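Visitor: Supplied in structure tokens, the structure appears directly below.
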Amino acid sequence: MEFKGAIFDIDGTLLDSMGVWYQVDVDFFKAYGREMPEDYSTKVAQLGSWKTAEYTIELLGLSETPEQLIDIWNNMVREAYMTSIPLKPHAKEYLEWLKNNGVKLSIATALFPDLYVPVLKKHGIYELFDAFISNGEMKLEKSSPKVYMAAAEQMEVEPCDCVVFEDIIAGIQGAKAAGMYAVAVADARCSCDRDALEKLADRYIFDFAEMM
């Protein structure tokens, strides 16, 4: 497939970061004297930051606002994002390959700018992107096509000329609903969703080298 715009999720897609977020979940519940429900991480994996915060506030009966909860979580992972979270294999090479072939690039992530800007700059890929969309800021789940439509609009590329790279079911659903080609990227933390991802996505990859 030839495309003019490529849209990338960050956590679990460009970054090998899902293990860090799982530990945040465990530590957060422990701090509130509660044991994390077995299905918590699976449920919130399909939500954006805002919806996850709302769900957690209701689950635990918290007094914090969604903004406050997101700030707490972001502060818990900030050091790891600045120092130790690696890119997925061949992610940087593929981004550079796309850029060299005239493809516009966009981010579509649940992260807020205070996390995604520094980590992208740390890995030397921030300047490769033409657009940045945070569904966390938009207060939308990844299943909403509006997330990907906004990315296409910022890149000035028609949705039908875009490819989306995601690691979760909701992201693939949102990309397909936007009329885009959807590539599911394998991630160890989402291995239980592989069958569903392979069925929903137009393509399923283990390594970005497969796309070059």
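Anchor point for the sequence shown: position 115 equals 114 in numbering that gives the first Met the number 0, and the numbering is continuous, going up by one each time.
Backbone N, C-alpha and C define an ideal beta-carbon position, used for all residues, glycine too.
Being a predicted model, the structure only gives us computed values, none of them experimental.
What distance in whole Å lies between the Cβ atoms of T12 and D166, which are believed to be in contact at a cut-off of 8 Å?
Guide: Residue numbering aside, residue 166 sits at position 167 when the sequence shown is read from its first letter. Residue numbering aside, residue 12 sits at position 13 when the sequence shown is read from its first letter. Indeed they touch by this definition, with Cβ atoms about 5 Å apart.
Visitor: Let me know if P36 comes out buried or exposed under the rule of 16 or more other beta-carbons within 10 Å of its beta-carbon.
Guide: As a position in the sequence shown, residue 36 is number 37, starting the count at 1. Its Cβ having fewer than 16 others within 10 Å, P36 is exposed.
Visitor: Using the three-state DSSP reduction, which class does I124 fall into: helix, strand or coil?
Guide: In the sequence shown, the residue the question calls residue 124 occupies position 125. I124: coil per DSSP, three-state reduction.
Visitor: Determine whether the beta carbon atoms of Q153 and I132 lie at a separation below 8 Å.
Guide: By 1-based counting over the sequence shown, the position of residue 153 is 154. By 1-based counting over the sequence shown, the position of residue 132 is 133. Closer than 8 Å, so yes.
Visitor: Are the beta-carbon atoms belonging to H122 and K103 less than 8 Å from one another?
Guide: Locating residue 122 in the sequence shown gives position 123, where the first residue counts as 1. Locating residue 103 in the sequence shown gives position 104, where the first residue counts as 1. Cβ distance not < 8 Å, so H122 and K103 don't count as in contact.
Visitor: Our contact map puts V182 next to F164 with C-beta atoms below 8 Å; I'd like the distance itself, whole angstroms only.
Guide: In the sequence shown, the residue the question calls residue 182 occupies position 183. In the sequence shown, the residue the question calls residue 164 occupies position 165. Contact flag correct, Cβ pair sits at about 5 Å.
Visitor: Can you give me the C-alpha to C-alpha distance between E1 and M211, rounded to a whole angstrom?
Guide: As a first step, residue 1 is located in the sequence shown; it is residue number 2 there, counting from the start. As a first step, residue 211 is located in the sequence shown; it is residue number 212 there, counting from the start. Computed Cα separation, rounded: 12 Å.
Visitor: What is the DSSP secondary structure of G18, counted as helix, strand or coil?
Guide: Against the sequence shown, residue 18 aligns to sequence position 19. G18 falls in the helix class under three-state DSSP.
Visitor: Jot down the residue ranges of each uninterrupted alpha helix (DSSP H) in the region 30-100, minimum 4 residues, whole runs only, in chain order.
Guide: Complete alpha helix (DSSP H) runs here, min 4: 39-43, 48-59, 65-82 and 90-99.
Visitor: Expressed to the nearest angstrom, what Euclidean distance is found between the alpha-carbon atoms of L127 and R33?
Guide: Counted from its first residue, the sequence shown places residue 127 at position 128. Counted from its first residue, the sequence shown places residue 33 at position 34. If I take the Cα positions, the gap works out to 42 Å.
Visitor: Can you tell me which of A44, M17, L59 and G18 puts its alpha carbon nearest to the alpha carbon of A224?
Guide: Nothing can be reported for residue 224: it is not among the residues displayed for the chain, which extend from 0 to 211.
Visitor: Relative to the C-alpha of E66, which candidate in F111, R202 and N99 has its C-alpha closest?
Guide: Locating residue 66 in the sequence shown gives position 67, where the first residue counts as 1. Ranking F111, R202 and N99 by Cα distance to E66 puts F111 first.
Visitor: Can you list, in chain order, the residues of its chain with a C-beta nearer than 6 Å to that of A174? Leave out the 5 residues immediately preceding and following it.
Guide: If you number the sequence shown from 1, residue 174 lands on position 175. Y147, V163 and A181.
Visitor: Measure the alpha-carbon distance for L108 versus A195 and round it to whole angstroms.
Guide: Residue mapping note: residue 108 aligns to position 109 of the sequence shown, counting from 1. Residue mapping note: residue 195 aligns to position 196 of the sequence shown, counting from 1. One detail in the question is off: residue 108 reads as Thr in this sequence, not Leu. Looking at the two C-alpha atoms, the distance is approximately 21 Å.
Visitor: Looking only at DSSP bridge pairs, what is D10 linked to?
Guide: Residue mapping note: residue 10 aligns to position 11 of the sequence shown, counting from 1. Answer is L14, bridged to D10.
Visitor: Taking L104 as part of the alpha helix (DSSP H), name the residues at either end of that continuous run.
Guide: In the sequence shown, the residue the question calls residue 104 occupies position 105. No alpha helix (DSSP H) contains L104, which is instead part of the beta strand (DSSP E) from K103 to T108.
Visitor: Kindly give me the distance between the Cβ atoms of C161 and G4, rounded to whole angstroms, as I take these residues to be in contact under 8 Å.
Guide: Counted from its first residue, the sequence shown places residue 161 at position 162. Counted from its first residue, the sequence shown places residue 4 at position 5. Rounded, the Cβ-Cβ distance is 4 Å, consistent with contact.
Visitor: For G135, which of helix, strand or coil comes out of DSSP?
Guide: In the sequence shown, the residue the question calls residue 135 occupies position 136. Reduced to three states, the DSSP call for G135 is helix.
Visitor: Terminal residues of the continuous beta strand (DSSP E) containing V146?
Guide: Working through the sequence shown from its first residue, we reach residue 146 at position 147. Segment P144 to M154 is the alpha helix (DSSP H) holding V146; no beta strand (DSSP E) there.
Visitor: Give the DSSP bridge partners of E165, in chain order.
Guide: Here residue 165 refers to the residue found at position 166 when the sequence shown is read from its first residue. According to DSSP, E165 bridges with A183.
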